[in-house]
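Here is the structure we will look at.
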Amino acid sequence: MSVRVRFAPSPTGQVHIGNIRAAIFNWLFAHHEGGSFLLRIEDTDLERSTPEAIATLLEVMEWLKLDFDEKPPLYQTSQVQKHLAAAQQLLAQGDAYKDNKGGNGEAILFRIPFDTARVPGVAEAGPAETLVHPEVPVVVSHKGVDYAGVSSKGKPAPGGATLAGFLNLVVKDTQDNTLFTLNDHLDEVKAGKEFTLPNAAKLCFTRRTITYHDIVKGDMTKPLDSLKDVVIVRSDGSPVFHLANVVDDITQKVTHIIRGDDHVENTFKHIMLFACLGAQPPQYGHLPMIVNAAGKPYSKRDGDAFVGDFRTKGYLADALVNYLSLLGWAPGDNREKMTRDELVEAFTLERVQHGAAQMDIQKLTNLNGLYIAEMPEDDFRKTALEWIATFDWGKTIDEALAAKVCTLMHSRTKVFADIAQWEYFFNDIPAYDEKACTKQLKDPTAITALKSLLEQFKALDSFDAATLEPIVAAATEAAGLGHGKLNQPLRVAVTGSAIGAGIFETLEILGKEKSVKRLEYALANKVVQ
RNA sequence: GUCUCCAUCGUCUAACGGUUAGGACAUCAGGUUUUCAUCCUGGUAAUAUGGGUUCGAUUCCCGUUGGAGAUGCCA
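Structure below.
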């Protein structure tokens, strides 16, 4: 059977970086296996899902070139009848029951099956004991075993689990006297009878576990006595995530579920749901989380963790995909900068890391710089021009001048937002950096030299780098300054900044008129006394 | 509290049970006879901790510590 995976985000606001990483891994896996990559939009949370968020999501996926198969995507809201039908099926099979636990009306709960033969991966783990607090009575019913555990300070602690967790249950009191034997009352309990047992101190039972093989994390096991029955339909009649998710995965014939770490615990329940719904559970692979620079999970407020922000800061889609692929995964041969094809070829879930990964903006930025550097000149200019146009100073510019600036600044561009610093090429008088002025425009010798340079500039016919270099060198020497010592003062006087491309190339692009004007301006206004 | 999982330089990561524990980003020093960037050279920097198993442990097992997730009529 060919591989079918899905990305199933809920469109609530911006697209989170951790979320899109899951999409990338699914996409990579699907392509590596020659399978299908599906998109399912889990928009059942009517209060938080918005059309704008859906649009944002689609936009982001298109930007990152994460194309999906079988368009249009499956919208979960269109599947509600199927979800509800599944709930009815479970109800009819006795795998679900109605309960008014929260007091809001009757909800439908999925019952972890007591007879586990249907469920793959369930095994008996041997006898087990759980201490319970005698002050709180133990209640045994078809809904589960309700009790209070004992905290380290001897106080009652919240406890309770599904009935299936307690095979061969015997409840004992502090004197070890038997209070209740489940096997004597199993049919009554299943039929709905509730037993309330005061003064219980101990639960003795045969522990059962459910195990599944996680493609990234390995074998995962959980005891049934730490599982609770789950609400699958709310009292208002709407299906809950667990049900909807599983039913949709069945209808979309998903073979591998690759999702965030935070779903591991749900997996055990989902496998049971698949089984009770008569479907073969898919394979699972859980991705580690991405955490922020503080090592904490990204909260909804971590603005810089949104994919859209990386786009507006001028990161390239390919660079972002490349970097994100490397968060929690590595090909194993020291390659880092990789094309899509190389990533697809090398990607396996088995090599995915088990622990959380921290996002490193600097490394992303460096990688982005590498991608920009290898852009063909024409592509770079085209993109850079678009960026220039987004700035106030870039609305009306000389295209020929801009083209020259692009060529000059290409290797210096790490992210396109850096282009904000190109303003001095285009305006009349640049913004002067005070620190730079203080450092470079205070030496009287240099100032005198700049003044003489200004006069020479005025007299020049051609104003290109080759002409300027010897002139500046001569002026430097004439002033008694060391080689190149006039370059920085000249740069600050003309550009306002101490950093930039080669000064002679910069002067040439600026042209005689502007250079002279700025030199005059700086000498008149910016010299530090 | 209980359950599940995780742990190699600051960060991302590599290392069939045998390596001077490798690479990249960041950082530091130097070079590319002007700054910044690119490029080149070199340096600092890690197996959380205590026990086992083994001739030999980053690797396997157990404990501890630390971290994350789950424990919702959120997804």
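Its first residue numbered 4, the first sequence is counted upward by one per residue in the working numbering.
The C-beta atom is built at its ideal place from N, Cα and C for all residues, glycine as well.
In the structure shown, what three-state DSSP assignment does residue i receive?
{"i": "Glu-523", "result": "helix"}
{"i": "His-216", "result": "strand"}
{"i": "Phe-117", "result": "coil"}
{"i": "Leu-280", "result": "coil"}
{"i": "Val-257", "result": "coil"}
{"i": "Gly-129", "result": "strand"}
{"i": "Glu-268", "result": "helix"}
{"i": "His-273", "result": "helix"}
{"i": "Val-234", "result": "strand"}
{"i": "Gly-21", "result": "helix"}
{"i": "Arg-494", "result": "helix"}
{"i": "Leu-329", "result": "coil"}
{"i": "Thr-399", "result": "coil"}
{"i": "Pro-123", "result": "coil"}
{"i": "Pro-447", "result": "helix"}
{"i": "Phe-10", "result": "strand"}
{"i": "Pro-242", "result": "strand"}
{"i": "Asp-98", "result": "coil"}
{"i": "His-35", "result": "helix"}
{"i": "Gly-288", "result": "strand"}
{"i": "Ala-359", "result": "coil"}
{"i": "Asp-464", "result": "coil"}
{"i": "Phe-313", "result": "helix"}
{"i": "Phe-208", "result": "strand"}
{"i": "Asn-171", "result": "strand"}
{"i": "Asp-48", "result": "coil"}
{"i": "Val-139", "result": "coil"}
{"i": "Ile-502", "result": "coil"}
{"i": "Leu-513", "result": "helix"}
{"i": "Ser-5", "result": "coil"}
{"i": "Ala-297", "result": "coil"}
{"i": "Leu-489", "result": "coil"}
{"i": "Val-83", "result": "helix"}
{"i": "Val-192", "result": "helix"}
{"i": "Leu-319", "result": "coil"}
{"i": "Leu-112", "result": "strand"}
{"i": "Glu-324", "result": "This sequence places Val at residue 324; Glu is not what is there. Three-state DSSP puts Val-324 in a helix."}
Residue i lies in the beta strand (DSSP E); which residues open and close that run?
{"i": "Met-341", "result": "Segment: none, Met-341 is in no beta strand (DSSP E) and carries neither H nor E."}
{"i": "Thr-224", "result": "221–226"}
{"i": "Thr-181", "result": "181–184"}
{"i": "Lys-74", "result": "72–78"}
{"i": "Arg-43", "result": "39–44"}
{"i": "Pro-54", "result": "Careful: Pro-54 lies outside any beta strand (DSSP E), inside the alpha helix (DSSP H) at 54–66."}
{"i": "Thr-199", "result": "198–200"}
{"i": "Ala-387", "result": "Per DSSP, Ala-387 belongs to no beta strand (DSSP E); it is in the alpha helix (DSSP H), 380–391."}
{"i": "Pro-159", "result": "159–161"}
{"i": "Ala-151", "result": "151–153"}
Return the first residue and the last residue of the alpha helix (DSSP H) that residue i is part of.
{"i": "Gly-372", "result": "364–376"}
{"i": "Ala-468", "result": "468–481"}
Which whole-angstrom value describes the C-beta separation of residue i and residue j, a residue pair presumed to lie in contact below a C-beta threshold of 8 angstroms?
{"i": "Ile-260", "j": "Pro-285", "result": "5 angstroms"}
{"i": "Ala-501", "j": "Val-495", "result": "6 angstroms"}
{"i": "Leu-346", "j": "Ile-293", "result": "Not a contact, Cβ separation roughly 17 angstroms."}
{"i": "Phe-507", "j": "Glu-472", "result": "5 angstroms"}
{"i": "Ile-391", "j": "Ile-422", "result": "6 angstroms"}
{"i": "Leu-453", "j": "Leu-493", "result": "6 angstroms"}
{"i": "Cys-1", "j": "Glu-132", "result": "With the chain covering 4 to 532 only, the question about residue 1 has no answer from this structure."}
Taking 7 angstroms as the limit between beta carbons, can you name the residues of its chain near residue i, skipping five residues before and five after?
{"i": "Gly-38", "result": "Ser-5, Val-6, Arg-7 and Val-8"}
{"i": "Pro-418", "result": "Inspection of the sequence shows that residue 418 is occupied by Val rather than by Pro. For Val-418, where only same-chain residues beyond five positions count, the Cβ hits under 7 angstroms are Lys-316, Gly-317, Tyr-318, Thr-368 and Asn-371."}
{"i": "Ser-414", "result": "Ala-376"}
To which residues of the same chain is residue i closer than 6 angstroms at the C-beta, ignoring the five residues directly before and after it?
{"i": "Leu-42", "result": "Phe-10, Phe-71 and Pro-76"}
{"i": "Ala-128", "result": "Arg-210 and Thr-212"}
{"i": "Gly-162", "result": "Tyr-150, Ala-151 and Gly-152"}
{"i": "Glu-426", "result": "Trp-396"}
Less than 8 angstroms between C-beta atoms, sequence neighbours within five positions excluded: which residues of the same chain meet that for residue i?
{"i": "Ser-229", "result": "Ala-164 and Gly-168"}
{"i": "Lys-445", "result": "Val-530, Val-531 and Gln-532"}
{"i": "Leu-404", "result": "Phe-428, Phe-429 and Ile-512"}
{"i": "Asn-202", "result": "Pro-137, Pro-140, Asp-176, Thr-177 and Leu-182"}
{"i": "Thr-15", "result": "Asp-48, Arg-51, Ser-52, Thr-53 and Ala-56"}
{"i": "Arg-354", "result": "Trp-332, Ala-333, Pro-334 and Gly-335"}
{"i": "Asp-265", "result": "Met-292"}
{"i": "Leu-87", "result": "Val-236, Gly-240 and Pro-242"}
{"i": "Ser-238", "result": "Asn-103, Gly-105, Asn-107, Gly-108, Glu-109 and Ala-110"}
Is residue i near the ligand PLP - that is, is its Cβ less than 6 angstroms away from at least one heavy atom of it?
{"i": "His-273", "result": "The ligand PLP is not part of the structure shown, which contains no ligands of any sort."}
Please give the ranges of any alpha helix (DSSP H) in the segment 404–445, keeping only runs that are unbroken, at least 4 residues long and fully inside the region.
Segments of the alpha helix (DSSP H) lying fully in the segment 404–445: 426–429 and 437–443.
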